[in-house]
Amino acid sequence: MIKGKEFANVAGRAGRAFVDVEGLIVHIMFDNVNCRKNKWRKLVASAKARTLKSGLIQIIAEILERLARKGVLDRDDAWEYLANAREAWISPEEGAKVVEPLMTGTKSGANGDNEETIEKESLSQIVERLDATVFGLIEALDSDRSDLPKLLDDALKGSLWARQIAREDKGVASQHKKVFEARADLIWKTTTAQARRGHFAMDVGLEAGLQIDAMADELAELLDRADNAALSGDVEALVDALGGLGERLLFMRPFIPDKANALPVNWRAILRSWVSGEDVAKIGPQNMRVVEEAFTYRLVWALEAVRTRRMSFGWLPEKVAGGGAAAVETGVPQFMMSMLIRAGLPSRRAAMAAIKDAKSVFVTPAGMRAWLESDEITAYTDASDKPTPDTAALWVRFRTDALNGGIQKWSVEHYKHLLDDTVIVPQAGFYRIVINEGDGRIWLITPDYQRVGAFKKSAVDLKPSLHQAGCPAAPDWWRLYVLGAAS
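In structure tokens, the structure reads:
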């Protein structure tokens, strides 16, 4: 499970970072619904709590406090200085504290499950979150710099920030807007519209974006080498390319691992063991937190960020892209092995053995399905001891599920329902529908999730499906639309 702070940041990419997180992400659950739903609600509650307790107001307040501590706000030209100087937003002392554990291979004594409070974050880390907000608020990244104040004002109207800041002391809103405008002005002065699109696509702030821009060609070459090595299964070439990418990306924010999982001196050896497919027992349980935090999370994010930046510039791969990131994510050295694991095969050893035994060639889900359906793989599965004796049952179950879970055709059905007599009839239009899991009661709710009332009849919520309700100008009967495979 990712932390509430990380979830709020990711959710912000679909909307407005650190401004609103509701109604943006659809989480689909096909099995273990109750368990997954509890985890989901806990995560959303954590993100909401962080938004209500800190959110954008606390980010700006903390930045103002740090800038005041540095003496920046004492300058007569403070806001002009902030709008023109990148160094005004950086604290070298704080940055050194972040990088030191990485350079020495030492670890903090902090518990990795505890979220770091904003007061303990470096100024650069907090400013990254401000940059994410600026990029999320200003949709037109090619806008003129002179239009930034108005664009920010328009985007913030009616937001959680606007509702909260109205309750603060007089003058606080003005100072907060000055921080927004100064940072946006600096970003626009320092970058081109194309560079801003790349930074936004990567989900990084100004400083990280400029660093990646400066070594873009080098990173692209290494990433292509990693992707090509993953296609052929060349472990040495894969490890060499991924190591080069790690050296350049894992030591810069926001891809630096957290303090509890700082990179050890032998991180390259651990990366080699992981992508080579070595057993977890051999890698060592003490190293698996580094694998999970630094490699399968941070490094995969960094690799995908670099690839996304290239695509935002119009780049198209000559071959299949993403193999290097897939190898790091799944811990196997070949893209086809990664595809099997991503498709649900729960054993790295089984994936490696199956691909090596069958001499397979596929790079798409359709190709993988055709391979699984082939006479060769049918006979291979019937051997009862393949891919390995201890993974044969896992393989049979995976293959059966993969072949039975074909693409389902969805259709639309509609039904007529009456609201309870006690419900005050709302305005005509389209509304959301929620069906209680227990009693099947159908609730009409507004687009922002406010309950209007219940319908007289109940229903069974057949998943996966989507629901919507609409009514004519005289809403005696409501028409419920159901879109899904089980319609």
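According to our numbering, the sequence shown is numbered sequentially starting from 1226. Using N, Cα and C, we set each Cβ at its ideal position, and we do this for glycine too.
Under a three-way DSSP split, which group does residue i fall into?
i, result
"residue 1300", "coil"
"residue 1669", "strand"
"residue 1537", "helix"
"residue 1677", "strand"
"residue 1709", "strand"
"residue 1337", "Residue placement at residue 1337 cannot be trusted, given a pLDDT of 45 that sits under 50; the coordinates are not used to answer."
"residue 1587", "coil"
"residue 1543", "coil"
"residue 1704", "strand"
"residue 1472", "helix"
"residue 1684", "coil"
"residue 1725", "Summary: the structure shown does not reach residue 1725, with the chain confined to residues 1226 through 1712, and so no result is reported for it."
"residue 1559", "coil"
"residue 1611", "coil"
"residue 1637", "strand"
Counting contacts by CB-CB distance shorter than 9 Å, is residue i in contact with chain D?
i, result
"residue 1617", "Given the protein chain composition of this structure (a single chain), no chain D is represented."
Going by C-alpha distance, which of the options is nearest residue i?
i, options, result
"residue 1644", "1388, 1686, 1667, 1287", "1667"
"residue 1641", "1590, 1674, 1704", "1704"
"residue 1262", "1708, 1662, 1707", "1662"
"residue 1359", "1294, 1347, 1344, 1379", "1379"
"residue 1470", "1427, 1486, 1550, 1538", "1550"
"residue 1674", "1664, 1693, 1682", "1693"
"residue 1601", "1612, 1583, 1680", "1583"
"residue 1623", "1575, 1393, 1348", "1575"
"residue 1695", "1683, 1681, 1671", "1671"
"residue 1466", "1500, 1484, 1653", "1500"
"residue 1665", "1478, 1683, 1264", "1683"
"residue 1563", "1614, 1424, 1309, 1521", "1521"
"residue 1419", "1539, 1570, 1304", "1539"
"residue 1368", "1403, 1354, 1389, 1416", "1416"
"residue 1316", "1512, 1346, 1504, 1657", "1346"
"residue 1526", "1646, 1302, 1479", "1479"
"residue 1635", "1580, 1614, 1388, 1709", "1709"
Between which residues of its own chain and residue i is the CB-CB distance below 6 Å, once the five residues before and five after are set aside?
i, result
"residue 1493", "1468"
"residue 1651", "1677"
"residue 1314", "1352"
"residue 1350", "none"
"residue 1604", "none"
Below 8 Å CB to CB, which residues in the same chain sit around residue i once its five sequence neighbours on both sides are set aside?
i, result
"residue 1363", "1373, 1376, 1377, 1380, 1409"
"residue 1370", "1410, 1413, 1414"
"residue 1713", "In the structure displayed, the chain extends from 1226 to 1712; residue 1713 sits before or after that span and is not available."
Hey, residue i and residue j: beta-carbon distance below 9 Å or not?
i, j, result
"residue 1593", "residue 1619", "no"
"residue 1452", "residue 1553", "no"
"residue 1685", "residue 1660", "yes"
"residue 1294", "residue 1366", "no"
"residue 1523", "residue 1481", "yes"
"residue 1405", "residue 1285", "yes"
"residue 1679", "residue 1648", "yes"
"residue 1356", "residue 1429", "yes"
"residue 1536", "residue 1426", "yes"
"residue 1291", "residue 1348", "yes"
"residue 1612", "residue 1578", "yes"
"residue 1518", "residue 1486", "yes"
"residue 1282", "residue 1390", "yes"
"residue 1502", "residue 1385", "no"
"residue 1407", "residue 1307", "yes"
"residue 1534", "residue 1424", "yes"
Among the residues of its own chain, which have a CB less than 7 Å from the CB of residue i, if the five just before and after it don't count?
i, result
"residue 1339", "Reliability of the predicted coordinates at residue 1339 is poor, the pLDDT of 49 falling under 50, and the value obtained from them is presented with this limitation in mind. Nothing listed; no residue qualifies."
"residue 1568", "1593, 1627"
"residue 1609", "1617"
"residue 1532", "1448, 1546, 1547"
"residue 1334", "At residue 1334 the pLDDT is 43, less than 50, meaning the model places this residue with poor confidence; the figure from the coordinates comes in the next sentence. Around residue 1334: no qualifying Cβ."
"residue 1597", "1624, 1627, 1628"
Item to complete: Assess, as a yes-or-no matter, whether the region 1460-1478 is touched by the region 1431-1441 under the definition of 3 or more beta carbon pairs within less than 8 Å.
Response: yes
Item to complete: Determine contact between the region 1457-1464 and the region 1556-1563, defined as no fewer than three beta-carbon pairs at a distance below 8 Å.
Response: yes
Worksheet entry | Inter-stretch contact at 8 Å, needing at least 3 Cβ pairs: the region 1419-1436 / the region 1385-1399 | no
Worksheet item: Contact between the region 1445-1452 and the region 1479-1491: three or more CB pairs below 8 Å?
Response: no
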